[in-house]
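A.B. asks: Quick note: the sequence shown uses my numbering, first residue 1, plus one each step.
Every residue gets a Cβ at the ideal spot worked out from N, C-alpha and C, and that includes glycine.
Before we start, here is the structure in question, set down as structure tokens.
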Amino acid sequence: SRPGPDAHLAIPTVDLSAPRSTIVDQIRRAASTLGFFQIVNHSVPHSVLKTTIGAIRAFHEQTVEEKSQFYTRGVSGGVSFSSNVDLFVSKAASWRDTLTVRLGPEMAAEEAIPEVCRAEVVQWRKEVERVGEVLMEFLSEGLGLEATRLKTLTCLGGKMMVGHYYPYCPEPDLTVGITTHTDPGVLTVLMQSESGLQVKSGEGDAEEWIDVQPLEGALVINIGDILQIMSNKVYKSVQHRVLANPNKEPRVSVAVFFNPSNREGLFGPLPEVVTAERPAEYKQFTLSDYMRRFFSKELDGKTLSDYYKA
1 SRPGPDAHLA
11 IPTVDLSAPR
21 STIVDQIRRA
31 ASTLGFFQIV
41 NHSVPHSVLK
51 TTIGAIRAFH
61 EQTVEEKSQF
71 YTRGVSGGVS
81 FSSNVDLFVS
91 KAASWRDTLT
101 VRLGPEMAAE
111 EAIPEVCRAE
121 VVQWRKEVER
131 VGEVLMEFLS
141 EGLGLEATRL
151 KTLTCLGGKM
161 MVGHYYPYCP
171 EPDLTVGITT
181 HTDPGVLTVL
191 MQSESGLQVK
201 SGEGDAEEWI
211 DVQPLEGALV
221 INIGDILQIM
231 SNKVYKSVQH
241 RVLANPNKEP
251 RVSVAVFFNP
261 SNREGLFGPL
271 PEVVTAERPA
281 EYKQFTLSDY
291 MRRFFSKELD
301 GKTLSDYYKA
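This is how it looks when you write it as structure tokens:
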């Protein structure tokens, strides 16, 4: 049955115009409990958010012929378009189409980005890099580390943008927009035009799904598996999903996934957060091995953080 929201729970909102110590405290609390929060007063103009969402929608609403030149189920190229992207992995096909653009460390060639959204994607890369840098500082300080600690580990280097388009679904009870998952990377920055995103809270009988209600001008932030591992489970990478769209109006969202760009260096719990009272919960790994496992089927429903448990 189509899951309903749990009205008494809400994703925290952090005002980035507050005093720095307040911001760090609020982000640490949100990242170590629900793993999700929204940010406001983040310095990105509302007009940029609107034009980016509009440009991604414009791409998806082109003719099939116009989109087909970007069509592939792979993720190796700098730009790709896919429909029901996890059709071969997931038991329930996902009711969405996705445009993927690599933003870093080497951005996809500008001429390879669809012309209908090219200028907006290039602009969004600049804006989201600034947001990511500020958030990484707050998250570093929340662990009691130097503000630049996560940045020096290349956590801002790898960037992948996905522009999801959820068309009207006539039978939303029978499918989803995106199946339940955690994000494998360090951090995700999301803008969404409509509701549909839900975050899991609790386990078993205490399990609840919380609606992430869109706030005008806000960005949704969530912790990924790599940051859960690096923080030695202080920060939480939490399961979430997107419901299929029951409305005639399409739903559009744009997410940027931040990953380390150092693919051969070792990652694991940071030495500063490992103590006698809190020993390392995870083994070390290279990013290339980690991503290979992510794109293979060997995880069989396990999260990556489960796979690398010490």
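Taking the continuous beta strand (DSSP E) assigned at residue 240, which residues delimit it?
C.D. replies: Its beta strand (DSSP E) spans residues 240-243.
A.B. asks: Short of 6 Å in beta carbon distance, which residues of its chain neighbour residue 112, apart from the five on each side in sequence? Order them along the chain.
C.D. replies: Only 78 and 79 meet the Cβ criterion.
A.B. asks: What span of residues does the alpha helix (DSSP H) with residue 26 cover, start to end?
C.D. replies: Start and end: 20-31.
A.B. asks: Does the pairing of the region 229-243 with the region 251-269 give three or more beta-carbon distances under 8 Å?
C.D. replies: The region 229-243 is in contact with the region 251-269.
A.B. asks: Give me the Cβ distance between residue 250 and residue 307, rounded to the nearest whole Å; I'm assuming they're in contact under 8 Å.
C.D. replies: About 36 Å separates the two Cβ atoms, so there is no contact after all.
A.B. asks: Across which residues does DSSP place residue 325 in a beta bridge pair?
C.D. replies: Outside the modelled stretch of the chain, which goes from 1 to 310, sits residue 325, for which no answer is possible.
A.B. asks: In the DSSP assignment, the alpha helix (DSSP H) including residue 209 goes from what residue to what residue?
C.D. replies: First-last for residue 209: 208-211, but that is the beta strand (DSSP E), not the alpha helix (DSSP H).
A.B. asks: For residue 71, count neighbouring Cβ atoms within 10 angstroms of its own Cβ and tell me buried if that reaches 16, exposed if not.
C.D. replies: Answer is exposed; the Cβ neighbour count stays below 16.
A.B. asks: Under 7 Å Cβ to Cβ from residue 154, same chain only, skipping five residues before and after it: list those, please.
C.D. replies: Hits under 7 Å: 260, 261 and 262.
A.B. asks: When you compare the region 199-208 with the region 277-290, are there three or more beta-carbon pairs, one atom per stretch, that lie closer than 8 Å?
C.D. replies: Not touching, per the Cβ criterion.
A.B. asks: By a C-beta neighbour count over all protein chains shown, 10 Å radius and 16 as the cutoff for buried, is residue 188 buried or exposed?
C.D. replies: It is buried - the Cβ of residue 188 has at least 16 other Cβ atoms within 10 Å.
A.B. asks: Would you check if the region 99-118 and the region 27-35 touch, i.e. whether three or more CB-CB distances between them fall below 8 Å?
C.D. replies: No, they do not touch.
A.B. asks: Could you compute how far the alpha carbon of residue 126 sits from the alpha carbon of residue 220?
C.D. replies: About 17 Å.
A.B. asks: In its own chain, which residues sit with a C-beta less than 7 Å from the C-beta of residue 88, not counting the 5 before and 5 after it?
C.D. replies: With a pLDDT of only 46 at residue 88, under the threshold of 50, the placement of this residue in the model should not be trusted; the figure read from the coordinates follows. No residues qualify anywhere along the chain.
A.B. asks: Just reading off the alpha helix (DSSP H) that residue 50 is part of, what are its end residues?
C.D. replies: Here the alpha helix (DSSP H) through residue 50 covers 46-60.
A.B. asks: Inspect the CB distances between the region 116-125 and the region 48-63 and report whether three or more fall short of 8 Å.
C.D. replies: The region 116-125 vs the region 48-63: in contact.
A.B. asks: Helix, strand or coil, according to DSSP, for residue 152 in the structure here?
C.D. replies: The answer is helix: DSSP assigns residue 152 an H, G or I state.
A.B. asks: For residue 229, which three-state DSSP category applies?
C.D. replies: DSSP places residue 229 in helix when its eight states are reduced to three.
A.B. asks: Is it buried or exposed for residue 292, if we count other Cβ within 10 angstroms and need 16 for buried?
C.D. replies: Counting Cβ neighbours within 10 Å, residue 292 comes out exposed, since fewer than 16 surround it.
A.B. asks: Just list the residues that DSSP pairs residue 178 with in beta bridges.
C.D. replies: DSSP lists 242 as partners of residue 178.
A.B. asks: Under 8 Å between the Cβ atoms of residue 273 and residue 238?
C.D. replies: For residue 273 and residue 238, no; Cβs fall outside 8 Å.
A.B. asks: Counting only the same chain and skipping the five closest in sequence on each side, list residues whose C-beta sits under 8 Å from that of residue 208.
C.D. replies: Excluding positions up to five away in sequence, the list reads 6, 9, 200, 201 and 202.
A.B. asks: What does the Cβ neighbour count give for residue 102, buried or exposed, with the cut at 16 atoms within 10 Å?
C.D. replies: So residue 102 counts as buried.
A.B. asks: When the distance is taken between beta carbons, is residue 164 closer than 8 Å to residue 68?
C.D. replies: Contact flag unset, no.
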